[in-house]
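The block underneath contains the structure these notes are about, expressed in structure tokens.
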Amino acid sequence: MKKTLAIGLFGLGNMIIGSTAAQIYSYVDADGQQVFTDRPPATASSETVELQTVNRMPAGQRIIKLQAPAELKRQLEPAPPPYQAFALLSPLQDETLRNTGTAVDIQVSSTPQLQPGHSYQASLNGVAHGSASTKPEWQIHGVERGSHQLAVQLLDENKKPLMQTPEITIHIKQTTLADRRRTRPCAEDDYGQRPECPLADKPEKKKPWWRLGL
């Protein structure tokens, strides 16, 4: 009897787990043993068994963390900038350059030093001026008198700008021969000796008054 009841309870448990919607019935068979079933017998009286709701816990999600190889991590991480600093050392902001012809000396500094394939490119009034340089000191030519906006770009091997210095204003002033002549008038012995004192401009030597008319 105990064994049969245990088997019946085990079956009842399976029925509870297998289907919470099915109705369970209990009856006593011909041998006097209690039977649990979801199909009531037609030949014996049966009773409905009230079952408690079985709470089912959702299966917990399993999170697996994949560790990327060190080389892949290095490839995915953004590359550090190739330069920490870049500055225009000369000329200075609002500097006036006098009597330099049309040439302007440029000096820049970068940290670290210029890498292979990289170059410096000067721009005048927003337009690239002259050839790119691989040295931190060079000259640009063809800079006319007046005020200009000057900046320098640091280019990579594909001539794409990596960094740019702040734009500065420089003033080019050229002293003309007339300016020099006004500053230092031509003496008699200066004609033919100083550019601003051509020999053709040398005045004729005046005759003494006593020789006038001779």
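Numbered as in the working numbering, the sequence shown ends at 264 without a single skipped number. Yeah, the Cβ is synthetic: ideal placement off N, Cα and C, and Gly gets one too.
Limits of the unbroken beta strand (DSSP E) element including residue i
| i | result |
| --- | --- |
| Ala-201 | 196-205 |
| Val-193 | Unbroken run through Val-193: none, as it is neither H nor E. |
| Thr-152 | Segment: none, Thr-152 is in no beta strand (DSSP E) and carries neither H nor E. |
| Tyr-75 | 74-78 |
| Gln-84 | 84-87 |
| Tyr-170 | 169-174 |
Any non-hydrogen atom of the ligand ZN closer than 7 Å to residue i Cβ
| i | result |
| --- | --- |
| Pro-132 | As presented, the structure is devoid of all ligands, the ligand ZN included, so that no description of it is given. |
Closest Cα partner of residue i within the set the options
| i | options | result |
| --- | --- | --- |
| Ala-135 | Pro-253, Pro-235, Gly-82, Gln-163 | Gln-163 |
| Ser-140 | Asp-155, Gly-151, Asn-149 | Asp-155 |
| Pro-211 | Pro-91, Pro-131, Leu-122 | Pro-131 |
| Tyr-198 | Ser-173, Arg-89, Thr-215 | It is His, not Tyr, that sits at residue 198 in the sequence shown. His-198 has its Cα closest to that of Ser-173, out of Ser-173, Arg-89, Thr-215. |
| Ala-137 | Ser-76, Ile-220, Ser-160 | Ser-160 |
| Pro-186 | His-179, Gly-192, Val-158, Gly-151 | Val-158 |
Span of the alpha helix (DSSP H), counted from its first residue to its last, around residue i
| i | result |
| --- | --- |
| Arg-232 | 227-233 |
Alpha-carbon to alpha-carbon, residue j and residue i
| i | j | result |
| --- | --- | --- |
| Gly-58 | Ser-95 | Low local confidence applies: a pLDDT of 48 at Gly-58 is under 50, so the model's placement there is unreliable, and no value is given. |
| Ile-222 | Pro-128 | 43 Å |
| Ile-190 | Ala-153 | 6 Å |
| Leu-227 | Glu-246 | 5 Å |
| Glu-254 | Thr-233 | 22 Å |
| Glu-97 | Tyr-77 | 6 Å |
Three-state class that DSSP yields for residue i in the structure shown
| i | result |
| --- | --- |
| Leu-164 | coil |
| Leu-126 | helix |
Legend entry - Contact between the stretch 192-207 and the stretch 149-169 (3+ Cβ pairs under 8 Å): yes
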